[in-house]
Amino acid sequence: MTIFKYELKQLKKNIIIWALSMGGLIFLMLPVYIGFSSSGDITMIDAMQNNPLLEVLGVSASFMTTPLGMLSFLGSFAMTAAAIHGMSIAFSSHTKEYTSKSAEFLLTKPHSRGKVFWGKFFACVVDSLIVGAAYIIGAAVALLTIKDISIDWWSFILIAKTLILVELMFVVFGTVAGTFFSNVRTPVLISSCVMLVLFCLSTVSKKINLPILGYFTPFAFFSPIDIAETGFYEWNFVVWYVVLGVGLLLISYKKFLKKDIVFGG
Numbered sequence: 002m003t004i005f006k007y008e009l010k011q012l013k014k015n016i017i018i019w020a021l022s023m024g025g026l027i028f029l030m031l032p033v034y035i036g037f038s039s040s041g042d043i044t045m046i047d048a049m050q051n052n053p054l055l056e057v058l059g060v061s062a063s064f065m066t067t068p069l070g071m072l073s074f075l076g077s078f079a080m081t082a083a084a085i086h087g088m089s090i091a092f093s094s095h096t097k098e099y100t101s102k103s104a105e106f107l108l109t110k111p112h113s114r115g116k117v118f119w120g121k122f123f124a125c126v127v128d129s130l131i132v133g134a135a136y137i138i139g140a141a142v143a144l145l146t147i148k149d150i151s152i153d154w155w156s157f158i159l160i161a162k163t164l165i166l167v168e169l170m171f172v173v174f175g176t177v178a179g180t181f182f183s184n185v186r187t188p189v190l191i192s193s194c195v196m197l198v199l200f201c202l203s204t205v206s207k208k209i210n211l212p213i214l215g216y217f218t219p220f221a222f223f224s225p226i227d228i229a230e231t232g233f234y235e236w237n238f239v240v241w242y243v244v245l246g247v248g249l250l251l252i253s254y255k256k257f258l259k260k261d262i263v264f265g266g
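The sequence shown finishes on residue 266 if you use this note's numbering, and the numbering steps up by one all the way, no holes.
And the structure:
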């Protein structure tokens, strides 16, 4: 608990900035974009028809004209930022003591390595949950301010929550990366590169209609159109999400318990 509280305190400023940014931006942007899509403007409709960008983001032109469709569209971009955020904070959490040459001090304090590992991980989880909650609240308040629209709130929660789920998986990725590559000094850059590769892999999977590729990228786990139609996530991806996340965490945990203290250069 001591490690958890300390790490969470270190993340306090980060949480405030990201929560206000994610919640504020979706609150400001969602009504504007919904207004554009529902205006009936011919130019807007033509732009959405057969648009390759919508295809790779997993939304259709008809779905885009709905409030949940526009939320999904904007959420795709918000998700990339959340992914970088989730992975970078976890990555940094596991590398900062090594790059600052204080790892020996941390690991020789009266805290087991297990407590250190889980304290860092859960602090990053709480950070991601708060940021994700701010995003969902911002989106919900924005939709409530728009008149004459009908919202399936269950589908809204499921679609909006995918941002949290993707961010948490990237927290796991960051934990793995930080555990195995403790001397990396540029976690944000590495996290951005990983996000970009996995995002591109998701778009390729949809573009060439090869679902098997989707299992290698969290961006493909949750299809907003399928969620709106079925009222839940695809069970095969839900199971894979849990197996992948738990498996990577256990591998990282075992590595952390045995790793040597190696200082950065």
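The C-beta atom is built at its ideal place from N, Cα and C for all residues, glycine as well.
Close beta carbons around residue i, own chain, < 8 Å, minus the five adjacent residues each side
i	result
K1	Residue 1 cannot be examined here, being either before or after the span of the chain that is shown, 2 to 266.
I131	I16, A20
M196	T81, A84, I85, M88, F171
K260	T180, S183
Own chain partners of residue i with C-beta closer than 7 Å, once the 5 adjacent residues on each side are dropped
i	result
L169	G87, V126, S129
G266	Confidence at G266 is low in this model, with a pLDDT of 42, below 50, so its placement is unreliable and no value can be given for it.
I27	L75, A79, Y136, G139, A140, A143
L12	I90, A124, D128
V167	M80, A83, A84, P219, F220
S193	I85
W241	Y216
F257	R114, F118, T180
F200	T81, F220
Residue i versus the options, residue with shortest Cα-Cα distance
i	options	result
D283	I35, S63, A79, I17	Here the chain has residues from 2 to 266 only, and residue 283 is not among them.
P219	D227, F233, V198	V198
I90	M23, I27, T187	T187
A83	D153, M30, M23, V117	M23
T3	Q11, G120, P32, S63	G120
L29	V142, S94, G70	V142
Y7	P32, S94, I226	S94
V282	D227, P225, F217, P32	What is shown of the chain runs 2 to 266, which leaves residue 282 out entirely.
P212	I228, N237, M65	N237
D153	T146, V173, E230	E230
F174	L258, G70, V33, L251	L251
K255	K116, K14, I191	K116
L275	I209, G246, I228	The shown model of the chain, from 2 to 266, leaves out residue 275, and the question about it has no answer.
Nonlocal neighbours in the same chain, by C-beta distance under 6 Å from residue i, ignoring five residues either side
i	result
F106	Low confidence applies to F106: its pLDDT is 45, below 50, so where it sits in the model is not reliable, and the reading given next is rough at best. Excluding positions up to five away in sequence, the list is empty.
A221	S203, S206, G215
T176	A91, F122, S253
Integer-rounded CB distance, given that residue j should sit under 8 Å from residue i
i	j	result
F92	G179	5 Å
P68	L144	6 Å
Y234	L164	Y234 to L164, Cβ: 13 Å. No contact.
S156	G232	6 Å
V185	T96	6 Å
First and last residue of the uninterrupted alpha helix (DSSP H) at residue i
i	result
N237	236 to 259
L211	Premise fails: L211 is in no alpha helix (DSSP H) and is neither H nor E.
L9	3 to 11
P225	225 to 231
Fill in: Contained alpha helix (DSSP H) runs [length at least 4] in the region 74 to 162, N- to C-terminal order
Listed in chain order, the complete alpha helix (DSSP H) runs (minimum 4 residues) inside the region 74 to 162 are 104 to 108, 114 to 145.
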